[in-house]
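Okay, structure first, notes after.
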Amino acid sequence: MKVSVIGGGYVGLVSAAGLAEVGHQVTCMDVDAERVKQLRAGVIPIYEPGLAEMVQRNQKEERLQFTTSMEQAVLDAEILMIAVGTPSDEDGSADLSHVLAVAAAVGDAMQHSLLVVTKSTVPVGTADRVRSVIETRLAERGVNMDFSVASNPEFLAEGVAVGDFMKPDRIVIGVENEASAAMLRELYAPFNRNHEKLLVMDVRSSELTKYAANAMLATRISAMNEMANVAEAVGADIEKVRLGIGSDPRIGYSFIYPGAGYGGSCFPKDVRALAHTATEAGYDAQILQAVESVNNRQRRKLGEILLRHAGEDLSGFTLAVWGLAFKPNTDDIREAPALDLIEAALTAGARVRAHDPKAMGAVRSFFGDQNQLEFFDDPYAAAAGADALALVTEWRQFWAPDFRRLAELMRVPVILDGRNIWQPDVVRSRGFTYYGIGRP
Numbered sequence: 024m025k026v027s028v029i030g031g032g033y034v035g036l037v038s039a040a041g042l043a044e045v046g047h048q049v050t051c052m053d054v055d056a057e058r059v060k061q062l063r064a065g066v067i068p069i070y071e072p073g074l075a076e077m078v079q080r081n082q083k084e085e086r087l088q089f090t091t092s093m094e095q096a097v098l099d100a101e102i103l104m105i106a107v108g109t110p111s112d113e114d115g116s117a118d119l120s121h122v123l124a125v126a127a128a129v130g131d132a133m134q135h136s137l138l139v140v141t142k143s144t145v146p147v148g149t150a151d152r153v154r155s156v157i158e159t160r161l162a163e164r165g166v167n168m169d170f171s172v173a174s175n176p177e178f179l180a181e182g183v184a185v186g187d188f189m190k191p192d193r194i195v196i197g198v199e200n201e202a203s204a205a206m207l208r209e210l211y212a213p214f215n216r217n218h219e220k221l222l223v224m225d226v227r228s229s230e231l232t233k234y235a236a237n238a239m240l241a242t243r244i245s246a247m248n249e250m251a252n253v254a255e256a257v258g259a260d261i262e263k264v265r266l267g268i269g270s271d272p273r274i275g276y277s278f279i280y281p282g283a284g285y286g287g288s289c290f291p292k293d294v295r296a297l298a299h300t301a302t303e304a305g306y307d308a309q310i311l312q313a314v315e316s317v318n319n320r321q322r323r324k325l326g327e328i329l330l331r332h333a334g335e336d337l338s339g340f341t342l343a344v345w346g347l348a349f350k351p352n353t354d355d356i357r358e359a360p361a362l363d364l365i366e367a368a369l370t371a372g373a374r375v376r377a378h379d380p381k382a383m384g385a386v387r388s389f390f391g392d393q394n395q396l397e398f399f400d401d402p403y404a405a406a407a408g409a410d411a412l413a414l415v416t417e418w419r420q421f422w423a424p425d426f427r428r429l430a431e432l433m434r435v436p437v438i439l440d441g442r443n444i445w446q447p448d449v450v451r452s453r454g455f456t457y458y459g460i461g462r463p
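For the sequence shown, the positions run 24 to 463 when our numbering is used.
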């Protein structure tokens, strides 16, 4: 099939490359000319394991092309996917300006019948607004042309997005007619051979499904972090509690790991947007508000532990930080808990020595020129001379460090384990003072 994907960012690029990988002819359009130039040269602007190779392979085999021309993207397509950003607005709602701008451009350029699909995470009712904008633009041109609008939310986890797209556990589509469903069945047939993964529903239910999934996962994280704080208050070990509740098949082990809070491009903005949608519909979504409140507090947790350990004035204190991205296997630092910790340490007067395998450039840009903030390519170099080491992002290479070497390098052997990946008794046996999340 001929597919155009509007937006060469995270969702758009993974979707375009994944669809090309199974044989579809895909045009990926982005307004950023420099980004398109880089993509044509095989340079990927984000870090996502396996994505660069897939993009390069499908360009070479002429199934994937990049353009800045909306006219070309519309003319090339049977199906056009909108995969542009929907950042949080000041009131917590999703900013749909990019989505609606694409709809207007589609209405201006459309020359034949088309299935327009919202791939971006959007509030309930967005497909109706997309339809209205396209209809208005067609009317202004004096054109009466048939088109349909559908919803096909993405369920991609950063760090494993290529695998999530190529081997999905479900494919949700929201359609307004059977013809749209048939086109999307054909599009996703290569991903649907093992067993039926396609879930066909109405458009509004599809739009809500994405928000509901992320809100449910965020709720589990915040609930577990709340339990960790209770465990700390009463002298229990949250890791033992986690095993005790995770063994219940009704609960399971997924997303019940206590830590320094969630971040990234999805959970924070989607929880806020869903709560805003509920408010607009006249419903007070108290659980969603609590999920966000608990997470905001949890993101400050490591900073609070640090100040409780070393005092409010950190002049002359050096903090080493391992892990800056909001999760492993990505360079995304949007709402990353490491940013809160670094900000708290710098504000208190500390010097910060940071390391991350992929996200140091983004954090350097975020903080700008800071004499008190340094970056190191080697994690042990970052720890040298430190009065404490904080583990914020659990990259695989951090799971089994050489604690003896760390103890020799650090000025004071203190560990702040923001993800509970290390065993307290082992760390303490190496001479460290150990602080975890909800652990004695």
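Ideal placement from N, C-alpha and C gives every residue a C-beta, glycine not left out. Everything numeric in this text was worked out from a predicted model, so none of it was measured.
Using 8 Å as the threshold, is the C-beta distance between N81 and A106 below it? no
Who are the Cβ neighbours of D401 in its own chain at under 8 Å, not counting the five residues just before and after it? H378
Take the Cβ of Y458 as the centre, count every other Cβ of all protein chains shown within 10 Å, and call the residue buried at 16 or more, exposed below. buried
Would you kindly work out how many angstroms separate the C-alpha atoms of K233 and D192, rounded to a whole number? 14 Å
Residue burial classification, R265 (beta-carbon count within 10 angstroms, cutoff 16): buried
Inside the segment 132 to 177 only - alpha helix (DSSP H) runs reaching at least 4 residues: 149 to 163
Any chance you could list the beta strand (DSSP E) runs of at least 3 consecutive residues sitting entirely within the segment 297 to 346, in chain order? 341 to 345
Short of 7 Å in beta carbon distance, which residues of its chain neighbour R427, apart from the five on each side in sequence? Order them along the chain. R453
If we ignore side chains and look at the alpha-carbon of each, how far apart do P68 and L62 end up? 8 Å
Curious, which full-length alpha helix (DSSP H) runs of at least 4 residues does the segment 372 to 440 contain? 383 to 390, 402 to 406 and 426 to 432
Which of the three DSSP states is assigned to L103 in this structure? strand
Start-to-end residues for the alpha helix (DSSP H) that takes in V59: A56 to R63
Going by alpha carbons, who is nearest to G41 out of I274, V78 and L347? V78
Would you please state the rounded distance, in angstroms, between the beta carbons of R15 and V172? I believe it to be under 8 Å. Within the shown structure, residues of the chain are numbered from 24 to 463, placing residue 15 beyond reach of any answer.
Buried or exposed for G326, going by 16 or more other Cβ atoms inside 10 Å? buried
On the DSSP bridge list, what partners appear for M224? G197
Is V450 closer than 8 Å to L412 when the C-beta atoms are compared? no
On the three-state DSSP scale, how would you describe L87? strand
Are the beta-carbon atoms belonging to W418 and P351 less than 8 Å from one another? yes
Taking the DSSP output, what are the residues bridged to Q446? According to DSSP, which records beta bridges pairwise, Q446 is partnered with nothing at all.
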